[in-house]
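Numbering (my numbering), first residue to last: 1432 to 1910.
Beta carbons are placed, not taken as given, at the ideal position from N, Cα and C, and that holds for glycine.
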Amino acid sequence: MQRSVEEALRDIETAWQRQPDRLSKQVRLEQVLTTLIEQQWVDGQRLPAHRHICQRLGVARNTLAGVIELLQSRHLLATQHGRGSWSRRPGVSPTMTQDSPLALSQRAHRILGTSGASPIQSGAFVPGIPDIARFPMRRWRTLYATLTVPQNALLLSYSSGGYGPLKREIAHFLRRGRGIECALEQIIITDGTHHGLELCALALADHGDRVVMDSPCYWGARNVFQATGLGIEQCRWLPGNGYGEMSAVTPAPRLLYLTGARHYPLSVPMPIEDKRALVEHLSPDIVIEDDYEFFEMGHRELLFSPEDGHTILAGSFSKLMFPGLRLGYLVVPRALSGALNKVRSEVFREGRMLDQAVLAKFMADGDLDRWCRRIHRDYLQRQQTLHDLLAGLPGVIDISPPAGTITLCVTLSCDIDDVRLSRYLLNHYRLVVKPLSPVCADDDPRRGLVLGIGMVEGDTLERLGRQLAEGIRRFIEGR
């Protein structure tokens, strides 16, 4: 139902007050309108007059105009001069039949049937998003401007195996942070972890080969492997008990995929002994270890060894810095580096040289280390705050211990429908969380919520954390 002008203004003002004060007014307003259009308002909702929005929120007309223009470019708003603006709620495309010449592929249907990426990528508890508001973007822009000069025209061309200085800085970073000593030729620069996993799947496995993953698993990696035609098996891992049902998984898979020093999405330390036991039992051809939650320097609980010809390390800067960077790396056996680099060039081409150069300078000047030390302390405090707010709730049987990461996992009683609970929290409290059960194997009954803490802090965290606790309590008591 259409909201009246005054009701729409109240919606905007209420949503505005829920946004963290540390965000710029333009970012706050963009998130407010995007959330209302995508989740709350009907299609065709008329926006209040622009001057009324500006007066109610205390924002400048050019700030609102910039947001309106951005939302128009994303097809979320339609505007006619002199008549106003209307919401354009994203619709769901009609399902194509298998007989249609434009029907989706079977693998696309499988991915869409188990998709884990939310269309909402902002908000208090969205998983996988670091603190992008506090990232030192002014410093980043300065470096970008410094390197974008005519003398650096070669940075606008294709790269060949990645930017050398960035490889060198990654090698130093891994030596400091993980105790890994690797040669530069073992490092392959990728456009994020998903791209690195896709490269591994294309170059090292054939259609129909098997990959074994944990239960619960990281949904992004599962989607990549499904898209490349691999068969997926899951092996249940229980914190403190390890892989108790390894005999249920067929040995000798082509790939074994593991998350790094901390298990994702459970967000708890992953003992290296558990990994070794699984590798010994399965005897996989290749082990890919994804250092998804790089949370503290000096933590070395990784199975990966640069001297082992069967292990690969995947890493990304998206969770350390900001998701839009989309730069990561693989560390591969020496015997594979030449061939993998060649496959990468032939299939994907190579670029992003300017971004790679800026990142290399950012790392060389110590900016990344300083940022990590600072923000990981803040993440620890935020997790402790949220942990205390949720502890003792009915139906909550465990919460991952606070750490300097962006993820907190709440384990629920197995009789709680975590998918329905996540929808309830979205519909009634406008809180975005991710249910745990969709990434568990069929024989794994665990239920839970995966929460991100990167985009909320201080009083806002206290307030929204209490709303989250209230929503969980009401849902469970009302079953």
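For the beta strand (DSSP E) containing residue i, name the first residue and the last one.
| i | result |
| --- | --- |
| residue 1666 | 1662 to 1667 |
| residue 1496 | Per DSSP, residue 1496 belongs to no beta strand (DSSP E); it is in the alpha helix (DSSP H), 1492 to 1504. |
| residue 1450 | Looking at the DSSP string, residue 1450 is not in any beta strand (DSSP E), and its letter there is neither H nor E. |
| residue 1602 | Taken as a continuous stretch (DSSP letters only), residue 1602 belongs to no beta strand (DSSP E), being part of the alpha helix (DSSP H) at 1595 to 1609. |
| residue 1484 | Element bounds for residue 1484: not the beta strand (DSSP E) but the alpha helix (DSSP H), 1481 to 1488. |
| residue 1745 | 1742 to 1747 |
| residue 1508 | 1508 to 1511 |
| residue 1621 | 1618 to 1621 |
| residue 1387 | This structure leaves residue 1387 out entirely; the chain is present only between 1432 and 1910. |
Report all residues from its chain with a CB closer than 7 Å to the CB of residue i; omit the five preceding and five following residues, and keep chain order.
| i | result |
| --- | --- |
| residue 1600 | 1791, 1794 and 1795 |
| residue 1524 | Any reading at residue 1524 must be qualified, since the residue scores a pLDDT of 43, below 50, and its modelled position is unreliable; the value itself is stated next. Same-chain partners within the cutoff: there are none. |
| residue 1648 | 1665 and 1870 |
| residue 1859 | 1902 |
| residue 1714 | 1682 and 1683 |
| residue 1778 | 1633 |
Could you give the distance in angstroms between the alpha-carbon of residue i and the alpha-carbon of residue j?
| i | j | result |
| --- | --- | --- |
| residue 1529 | residue 1535 | A caution first: residue 1529 carries a pLDDT of 45, below 50, which makes its placement in the model unreliable, though a value can still be read off. Rounded to whole angstroms, residue 1529 to residue 1535 spans 8 Å at the Cα level. |
| residue 1596 | residue 1618 | 12 Å |
| residue 1494 | residue 1456 | 8 Å |
| residue 1882 | residue 1809 | 16 Å |
| residue 1594 | residue 1784 | 6 Å |
| residue 1899 | residue 1639 | 42 Å |
| residue 1526 | residue 1540 | Reliability fails at residue 1526, whose pLDDT of 44 lies under 50, so the model's placement of it is uncertain and the value that follows must be treated cautiously. Cα-Cα distance, rounded: 10 Å. |
| residue 1679 | residue 1775 | 35 Å |
| residue 1806 | residue 1835 | 8 Å |
| residue 1759 | residue 1630 | 12 Å |
| residue 1867 | residue 1769 | 39 Å |
| residue 1432 | residue 1856 | 21 Å |
| residue 1568 | residue 1681 | 48 Å |
| residue 1458 | residue 1614 | 42 Å |
| residue 1803 | residue 1751 | 7 Å |
| residue 1570 | residue 1756 | 15 Å |
| residue 1658 | residue 1537 | 9 Å |
| residue 1616 | residue 1607 | 19 Å |
| residue 1724 | residue 1814 | 14 Å |
| residue 1623 | residue 1672 | 32 Å |
| residue 1699 | residue 1853 | 22 Å |
| residue 1498 | residue 1515 | 14 Å |
| residue 1446 | residue 1439 | 11 Å |
| residue 1660 | residue 1771 | 19 Å |
| residue 1748 | residue 1738 | 24 Å |
| residue 1800 | residue 1566 | 13 Å |
| residue 1887 | residue 1907 | 25 Å |
For the alpha helix (DSSP H) containing residue i, name the first residue and the last one.
| i | result |
| --- | --- |
| residue 1721 | Note, residue 1721: premise wrong, no alpha helix (DSSP H); beta strand (DSSP E) at 1717 to 1721. |
| residue 1840 | Not the alpha helix (DSSP H): residue 1840 falls in the beta strand (DSSP E), residues 1838 to 1843. |
| residue 1705 | 1703 to 1713 |
| residue 1686 | No alpha helix (DSSP H) holds residue 1686; the beta strand (DSSP E) holding it covers 1686 to 1690. |
| residue 1472 | It is not in any alpha helix (DSSP H) - residue 1472 carries neither H nor E in the DSSP assignment. |
| residue 1573 | 1568 to 1578 |
So is residue i buried or exposed if we call it buried at 16+ other beta carbons inside 10 Å?
| i | result |
| --- | --- |
| residue 1743 | buried |
| residue 1473 | exposed |
| residue 1531 | Note that residue 1531 scores 44 on pLDDT, short of 50, meaning its location in the model is unreliable; the coordinates nonetheless yield the value given after this. Per the 10 Å Cβ criterion, exposed. |
| residue 1851 | exposed |
| residue 1766 | exposed |
| residue 1651 | buried |
| residue 1694 | buried |
| residue 1912 | Residue 1912 cannot be examined here, being either before or after the span of the chain that is shown, 1432 to 1910. |
| residue 1378 | Residue 1378 lies beyond the residue range present for the chain, which begins at 1432 and ends at 1910; the question has no answer from this structure. |
| residue 1840 | buried |
CB-CB under 8 Å to residue i, same chain, minus the five flanking residues each way: which ones, in chain order?
| i | result |
| --- | --- |
| residue 1502 | 1461, 1464, 1465, 1468 and 1508 |
| residue 1669 | 1675 |
| residue 1734 | 1689, 1703, 1706, 1707, 1710, 1718, 1720 and 1742 |
| residue 1443 | 1463, 1464, 1467, 1479, 1484, 1487 and 1488 |
| residue 1482 | 1492 |
| residue 1655 | 1625, 1628, 1629 and 1632 |
| residue 1862 | 1554, 1555, 1556, 1856, 1895, 1898, 1899 and 1902 |
If I measure Cβ to Cβ from residue i and keep anything under 6 Å in the same chain, skipping five residues before and after, which residues do I get?
| i | result |
| --- | --- |
| residue 1563 | 1753 |
| residue 1865 | 1558 and 1881 |
| residue 1646 | 1665, 1667, 1871, 1872 and 1875 |
| residue 1842 | 1828, 1829 and 1879 |
| residue 1517 | 1475, 1477 and 1509 |
| residue 1722 | 1691 and 1746 |
| residue 1818 | 1830 and 1833 |
Any beta-carbon of chain D closer than 9 Å to the one on residue i?
| i | result |
| --- | --- |
| residue 1452 | Judged by its chain identifiers, the structure shown contains no chain D, having just a single protein chain. |
Query raised in the report: Which ranges would you report for the beta strand (DSSP E) in the segment 1750 to 1823 if only whole runs of at least 3 residues count?
Result: Fully contained in the segment 1750 to 1823 are the following beta strand (DSSP E) runs of length 3 or more, in chain order: 1759 to 1762.
Report task. Ignoring anything shorter than 3 residues or poking outside the segment 1631 to 1666, list the beta strand (DSSP E) runs there in chain order. Result -> Taking only runs of at least 3 residues, the beta strand (DSSP E) segments lying wholly in the segment 1631 to 1666 are 1641 to 1646.
Report task. Jot down the residue ranges of each uninterrupted beta strand (DSSP E) in the segment 1846 to 1894, minimum 3 residues, whole runs only, in chain order. Result -> 1878 to 1883
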